[in-house]
Ligand SMILES: Cc1ncc(COP(=O)(O)O)c(C=O)c1O
Ligand SMILES: Cc1ncc(COP(=O)(O)O)c(C=O)c1O
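Chains as they are written, first to last, in the numbering used here: chain X, 318 to 710; chain G, 318 to 710; chain V, 451 to 703; chain P, 451 to 703.
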């Protein structure tokens, strides 16, 4: 089986572009141009150069010796937390801003949950001198205050989404409405592998630098370019897509996706899409999503603002349905505990999103000779007050 | 003239080890061993490997095109803000923790001002599983709250220094007292090129990786391995020492040091040591320091917690006295404005310390063919609330 | 013949009204329909509320949310409409997002529409291409029309394609925007209305989005076969109530 | 002969007291000295206060800060002591950090000490090597002794070196610590006192740091020529006042 997108924008049954006609010209423009533009030599050169001199790539592949010893297996961390702005999100925003410039756009909009994508977007807009508006759920504006401050420092306007659960899903709705209202001059930088085709594929390609580097870095350190397991948290799924990308069709590599169970899968307060979701349409994409029997989209919950999205990208829906990937969901408490554990074992304070991924070590056994690569998708600076309150430090 | 330390621990008239006898064995142990240990192949290998896979080195040398255009000169940023933990400080703590381990120490103490050195120390202690106590001025604990939270997450104990100005100087006194009380098992990781010999030289050597990389990175990008100017902010002077190190004796390179003028040099609330300081002894080192005519050390002031130190390292005192370096002091307001300018021009939110350095662009002219390297010593995450309050964002 | 086609055969410009089923009160659906018909409205779009109506402006969003809170569901709407054709003779269109229909089952949904006497559907997030490929035969099996939107940015070739696939009417979005009432149309809108009129499409066009009063209504119908009012009607309903609907309609034409 | 040497010639163990000049009140210096002398104290260390006394514990830090707030300066102390030798006959030592002395000018400082009749200096942050190389001849020119500290960690070779450079006495820090009162000495301390005693240094040793009461005083002098009390005395002063000094001294011996 092939796990990449097909020419119609589908991953198996999932994907496509279920968009209002008002968005058709914008999405069509992207779909018809993204492969051509991103394939141009000048684009590649500028993209790769910015990733290197501005983002700080390659990010290290760090062998976590204390953690490996504790869990009797070989644990590597792909250090996306060291990217400029503190998470993998910027790989994608660099790519999209270069694309937007070549499409002649002079106004950028974005949605954000944890604020990392908002910061990454505001950053590239500042870098290019382009106007930037970021939609963010009212609840997230409160729980990710440092990132709101950063966006403002960077000159972006942060607009509060007050509908629904006041989180990522609603911010995305608002961004789509903005795009509908501003179809000509505006590019919408979606922050994950969600939304209508070509976004999931485009974002995955920009993030694929993660596994591209992992391959040669593993080769350097282990003498072979593939691990036994690749593990990442899944909100929309972009950091996961980036880590999986070059291993999607390599059956030697087991793929593990970690979702947020929130207060527990059966608690009614969760964001474990694969466990609870059914096929449907969200934000222009056919995928798995959490919804009522009547097709109303569930307001998701997770302590982590970057994971409480009621859907997953269509690539992940397909990986789940086809059983190519194992999906595991981790409750708030275990994720928080792992935030502290990783801090005190390796000196790395992870984003709460990222911390979810590591909790798999307590849930599933790995062999002593197995090589695991975790995507350390972001740093925890944005989450300090949540950690401090939670642990009463 | 040679601007490196001499075999007695002096830079010209400055340096030495003016320490209470109680510290003599500790300091002598370091002095007698640091060159030998750091010269060992296994040390170098471990140090360089951790800098690469853990800290994320080399940090990029980023050509800031928008800034360069605005100021009609060629501006490069050495991106120490991309280091793990967010500032150059970790280069030194990695070095010292490896040294401490080889000296058989099992307890680490540190002082911190901005909290960056405290975080960097707590980080390497977590990485090695070693107990860590960080002294921090009570005032700094308040104004750099995010870094206090990070130290706690990392398992360090943060002890409040309540004497004097309740800032860096006082935290340093407390750390020294702790070391006097715990002479056998404890290593004191000083965070800048200050303190008794061999600290200034040792820390400068660990930080010298900054200019080591700058050389080959400039060669790569400009076809020559030296710039016309190297510019850095000076608190104690470690990020500056790192950037200057390999250019100290290269007269083609002009050295510019930026100090914090606080509310103005003549306001009585400043930290502009070179302008206001006289020769004296602080924290075991003969150097320039701000003091009353009676030899009492002045309580310094700067809006930036990492710069309000009443002295400078002896290397810098010598660079000033010998006129090898230009010293310029920048008031709070200009520094803060530059925090915003850099954010909105290049998408990089600098630490307030770092922002001071950039303000030189408004104070001094540079030619269109001149190459300037700024040390972008740290990121501004720790300063967000100061920025937000200041600009009412 | 489908009631929609019949309506367009009449020699008059159409006035169509959109409302969110279940709003203001859960059980208002039928009385709103009756009032609209008796006020002389030509066609009605019954909104099936959705949690995430991303093509809609604040007014319709709010009314959808309220309708869901009131307990509106797909099944509930079908029960309310079970005997609608006893009294309501004007064309009825259900307007809703794809996801609730998918969950209900598209075929079962179409079947129910046919049973009740619904004439067509407007599904903003079902693109014409996907419809054409996957759903058209199903809709036709149950005698349902599917109406598509066009906007000022829709390329001519695509308008022609939509014209070919369409039946009933083409929903001409007045300007590139989400739903919401406007006071006036400027020359960009009238230029666009003109441009489309000159294309002489085989499907009638109806202008929607931004029609709020007699002025915008009159501008809209000058170059098209009719106009749809949504947000302005919902605002009126909230303020003046179901019983006064006729005064809103008479203020328009 | 220097008063310090003379004192050690007497066949008794020394009791020496440290206090911060300018504390509790700015003008207390002379009356404290008089009370100490009349209570039978053998020697006094007059603390020249410093803003950053990094070898001192909380009690001495606090008294230094208070003294500076009261207005104590180097010049002020010299004026207070101008005629001290009219009444005070016991050895007087100034104990202070290097920086204020440097700002005053080391030579001028020494000159003034000589004029007043100060017998020696203790400068905790002036290492023996630097003294030996840069300052010894200056001190000697003005007849000033300089006393050095040793600790349980000081290597034997260094103790011998200090013994050679020293005159007056060697200040034996009771344990590796900053200043501060202790209730008791344990075996690590007595072992250390013993070890040093066995070295038979040519300079007398005086134990300081952590002496607070008769018990610690007696332990200290068993293996040395005397003892210095600082923090405990300052605490007493703060609580009981200058007038009651003699009761503190008599509680010790
Ligand atoms: C650090 C971090 N990791 C993971 C995520 C989840 O997003 P995605 O699944 O697209 O990687 C986010 C989202 O904000 C994030 O900030
Ligand atoms: C980001 C940053 N830059 C500069 C400094 C000043 O220290 P130094 O002069 O030793 O580089 C600090 C101190 O905390 C800092 O955090």
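Ideal placement from N, C-alpha and C gives every residue a C-beta, glycine not left out.
Bear in mind the structure is a predicted one, so any value in this text is a computation, not a measurement.
- In the structure shown, the three-state DSSP call for residue 695 of chain G is strand.
- With respect to the C-alpha of residue 470 of chain V, the residue from V:600, V:495, V:663 and V:617 having the closest C-alpha is V:495.
- C-alpha of residue 512 of chain V to C-alpha of residue 476 of chain X: approximately 18 Å in a straight line.
- In this structure, the beta-carbon distance from residue 495 of chain X to residue 425 of chain X does not fall below 8 Å.
- Counting only Cβ-Cβ distances below 8 Å, residue 552 of chain P has contacts in chain G at 596, 597, 598 and 612, in chain order.
- Judged by DSSP in its simplified three-state form, residue 653 of chain V adopts coil rather than helix or strand.
- By the neighbour-count definition (other C-beta atoms within 10 Å, threshold 16), residue 497 of chain V is a buried residue.
- In this structure the region 702-709 of chain G does not touch the region 601-618 of chain G; the number of beta carbon pairs closer than 8 Å is below three.
- Neighbours of residue 676 of chain G in chain X, taken as residues at a C-beta separation under 8 Å, are lacking, since the least C-beta distance is about 17 Å.
- As a beta-bridge residue in DSSP terms, residue 608 of chain G pairs with G:614.
- Residue 342 of chain G places its beta carbon less than 8 Å from that of residue 603 of chain P.
- Per DSSP, reduced to three states, the secondary structure at residue 662 of chain X is helical.
- One Cα belongs to residue 577 of chain G, the other to residue 539 of chain X, and the distance between them is close to 48 Å.
- Chain-ordered listing is empty here: chain V has no CB closer than 9 Å to the CB of residue 417 of chain X, the nearest sitting near 17 Å.
- When the five nearest sequence neighbours on each side are left out, the beta carbons in the same chain lying within less than 7 Å of the beta carbon of residue 595 of chain V are those of 452, 454, 569, 570, 617 and 618, in order along the chain.
- For residue 513 of chain V, no beta strand (DSSP E) run applies; the uninterrupted alpha helix (DSSP H) run containing it begins and ends at 508-520, by DSSP.
- In this structure, X:412 is the residue among X:412, X:674, X:619 and X:467 with its C-alpha nearest to the C-alpha of residue 357 of chain X.
- Taken atom to atom, the span from the alpha-carbon of residue 611 of chain P to that of residue 456 of chain G is near 43 Å.
- Judged by DSSP in its simplified three-state form, residue 710 of chain X adopts coil rather than helix or strand.
- Residues of chain V with a Cβ closer than 9 Å to the Cβ of residue 601 of chain X are, in chain order, 504 and 575.
- Residue state for residue 618 of chain V is assigned as coil, using DSSP reduced to three classes.
- When the alpha-carbon of residue 457 of chain V is set against those of V:492, V:483 and V:640, the nearest one is in V:492.
- Using beta-carbon distances, residue 528 of chain P does not count as an interface residue toward chain G, since no partner is under 8 Å.
- In the three-state DSSP reduction, residue 686 of chain P falls in the helix class (H, G or I).
- Closest in alpha carbon position to residue 667 of chain V, among V:562, V:698 and V:688, is V:698.
- Residue side-chain check: residue 556 of chain G places its Cβ nearer than 7 Å to a non-hydrogen atom of ligand 2.
- Taking a Cβ-Cβ threshold of 7 Å, the residues of chain G close to residue 603 of chain P are 342 and 500, in chain order.
- Bridge partners of residue 690 of chain G according to DSSP: G:393 and G:547.
- For residue 445 of chain X, the uninterrupted alpha helix (DSSP H) run begins and ends at 433-445, by DSSP.
- Placement of the Cβ of residue 670 of chain X at a distance of less than 7 Å from at least one heavy atom of ligand 1 is found.
- If you check the CB distance, residue 538 of chain P and residue 576 of chain P do not come in under 8 Å.
- Taking the Cα positions, residue 566 of chain V is about 12 Å away from residue 541 of chain V.
- Here residue 653 of chain G has 707 as same chain residues with Cβ atoms under 6 Å from its own Cβ, once five neighbours each way along the sequence are excluded.
- Residue pairing by DSSP places residue 595 of chain G opposite G:606 in a beta bridge.
- Assigned with DSSP and collapsed to three states, residue 342 of chain X falls in helix.
- Residues of chain X whose Cβ lies closer than 8 Å to the Cβ of residue 586 of chain V do not exist; the shortest such Cβ separation is about 16 Å.
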